[in-house]
Amino acid sequence: MKNITCPNCKTAFKIDESNYESIAKQVRDTEFNFELNQRLDLAAKEKEDALQLQKSELKGLLLEELSKKEREIEKLKAQNDKAELDKKLSITDATSTLEKQIAELNSKLELQSKEADLEKKTLAEKHQVEIRTREEMIKMKEEEIERHKDFKARLSTKMVGESLEQHCENEFNRLRATGFRSAHFEKDNDASSGSKADYIFRDFGPDGIETISICFEMKNENDTTLKKQKNKDFLEELDKDRKEKKCEYAILVSVLEADNDLYNTGIVDVSHLYEKMYVIRPQFFIPIITLLRNAALSSYETKLALEKERNYNIDITNFEDKINKFKEGFEYNVDLARRKFDEAIVEIDKTISHLQKTKEALLSSGNNLRLANDKAQGQLTIRKLTHGNPGMAERFKNSD
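The C-terminal position of the sequence shown is numbered 531 in our numbering, with every residue numbered one higher than the one before it.
Right, dumping it as structure tokens:
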């Protein structure tokens with residue numbers, strides 16, 4: 132129990148521990164809150180004072196900065212006024228120059244406009260002439276097409292083929308003097324192998340070395356032909372001709388299969404069937420020659436080097452062949468001389484033997500002559516000759 136005295140009436144009374152602690156806590160909380168509020172009020176006042184101080188300081192800084200900015204603005208205004216004046220002067224000068232240029236340009240434009248009108252008028256007149264000319268050309272082409280159709284309808288198969296050949300030959304001859312000075316394009320007349328191509332094209336470099344060779348076959352047909360031929364029917368024979376004529380490329384110039392888009396789109400490479408072979412329409416005749424020749428010319432230096440190397444090897448081979456022929460001839464002559472020598476020795480031996488026999492015969496003949504002479508000297512007398520021959524004895528006697 133605790134004794135508590137009332138501060139007003141001074142009356143003392145007792146209170147238990149729990150109530151006492153509760154009252155004490157209330158008193159402590161009240162004092163704490165009071166002190167806290169005082170401190171918060173003080174802190175707020177200090178904060179307000181600090182804010183006021185910062186505001187005054189900031190205001191002073193702002194005023195100073197504002198004054199500085201105003202001075203800069205005045206300076207910039209002065210500079211701007213000067214720049215504006217300079218600008219006005221420059222604009223005045225530029226305007227004067229531009230006005231002169233504009234006046235010159237206007238005069239030029241006016242002149243160009245007159246020239247353009249004149250040119251337009253001229254072009255219009257030229258266009259009208261071209262239109263009339265084009266219409267006349269179209270009419271002429273249509274008439275030519277009709278004549279060509281009629282011409283083809285009346286041609287035999289051989290004549291049709293010859294007309295295509297003549298077309299290609301004319302196309303080549305038209306450019307021969309300007310684009311194919313060193314080339315030969317001639318009709319193939321050599322049928323020694325059993326067949327022949329239509330034309331052979333060969334071109335040569337500055338050193339006379341062949342740069343490219345093409346074997347051509349031309350195929351055409353009548354529009355009215357019932358049995359239509361196909362391009363592939365002629366490829367095998369063309370490949371055979373290419374090899375026999377020793378040409379690098381083979382080209383079939385054909386108007387067969389006119390509705391086949393494969394052959395109507397351009398140059399057709401059929402080298403998957405036959406080596407270095409193409410099928411073309413007549414309008415690609417000159418372009419493919421140009422393409423293949425340009426490709427060959429790009430490798431001409433390599434071909435020239437290979438040709439020189441081949442000629443060098445041929446020279447070496449020829450030299451070796453000459454040496455071998457000389458050795459063979461020398462060996463043959465030595466062998467022939469040896470055989471002749473052996474034959475001569477044999478003949479000499481035979482001659483010696485014959486002479487020995489002749490010698491023996493001569494010796495024997497001499498001996499016989501000696502014996503005959505002895506007989507003639509000793510036994511050849513009148514008495515002996517007339518012995519037993521009274522008639523001869525009587526004659527000898529009468530002669531005496």
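Built from N, CA and C at the ideal position, the CB exists for glycine as well.
If distances are taken between C-alpha atoms only, which option among the options comes closest to residue i?
i	options	result
residue 360	387, 339 and 341	387
residue 369	174, 410 and 264	410
residue 414	302, 479, 316 and 505	302
residue 402	176, 392, 377 and 367	367
residue 374	170, 317, 400 and 406	406
residue 376	429, 322 and 392	322
Measuring straight from C-alpha to C-alpha, what distance separates residue i and residue j?
i	j	result
residue 312	residue 245	50 Å
residue 140	residue 164	27 Å
residue 252	residue 240	18 Å
residue 498	residue 471	39 Å
residue 422	residue 448	36 Å
residue 274	residue 268	10 Å
residue 488	residue 467	31 Å
residue 148	residue 155	10 Å
residue 408	residue 427	15 Å
residue 203	residue 193	15 Å
residue 258	residue 266	12 Å
residue 380	residue 319	15 Å
residue 395	residue 342	29 Å
residue 233	residue 227	10 Å
residue 495	residue 484	16 Å
residue 476	residue 486	15 Å
residue 390	residue 242	57 Å
residue 168	residue 153	22 Å
residue 305	residue 412	18 Å
residue 473	residue 479	10 Å
residue 230	residue 263	48 Å
residue 236	residue 211	34 Å
residue 481	residue 469	18 Å
residue 491	residue 504	19 Å
residue 463	residue 501	55 Å
residue 288	residue 358	For residue 288, the predicted model reports a pLDDT of 41, less than 50, meaning its position is unreliable; a value from the coordinates is still stated below. Spanning the two alpha carbons is a distance of roughly 12 Å.
residue 461	residue 452	14 Å
residue 284	residue 299	In this prediction, residue 284 scores a pLDDT of 49, lower than 50, which makes its location untrustworthy; no coordinate-derived value is stated.
residue 157	residue 171	21 Å
residue 256	residue 247	14 Å
residue 160	residue 178	26 Å
residue 173	residue 182	14 Å
residue 176	residue 214	55 Å
residue 216	residue 238	33 Å
residue 186	residue 180	10 Å
residue 200	residue 188	18 Å
residue 218	residue 208	14 Å
Just to confirm before moving on: does the CB-CB distance between residue i and residue j stay below 7 Å?
i	j	result
residue 424	residue 334	yes
residue 345	residue 382	yes
residue 431	residue 310	no
residue 326	residue 362	no
residue 438	residue 340	yes
residue 351	residue 404	no
residue 419	residue 445	no
Between residue i and residue j, how many whole angstroms is the CB-CB distance? I'm expecting something under 8 Å.
i	j	result
residue 332	residue 348	Not confirmed; about 12 Å, so no contact.
residue 338	residue 435	6 Å
Beta strand (DSSP E) segments (min. 3 residues) lying fully within the region 289-330: As far as the region 289-330 is concerned, its whole beta strand (DSSP E) runs of at least 3 residues are 314-318.
Complete alpha helix (DSSP H) runs within the region 391-429 (minimum length 4 residues, chain order): 392-395 and 416-429
Go through the region 136-222 residue by residue and report every complete run of the beta strand (DSSP E) that reaches 3 residues or more, in order. 143-146
Length at least 3, wholly inside the region 436-468: the beta strand (DSSP E) runs in chain order: none
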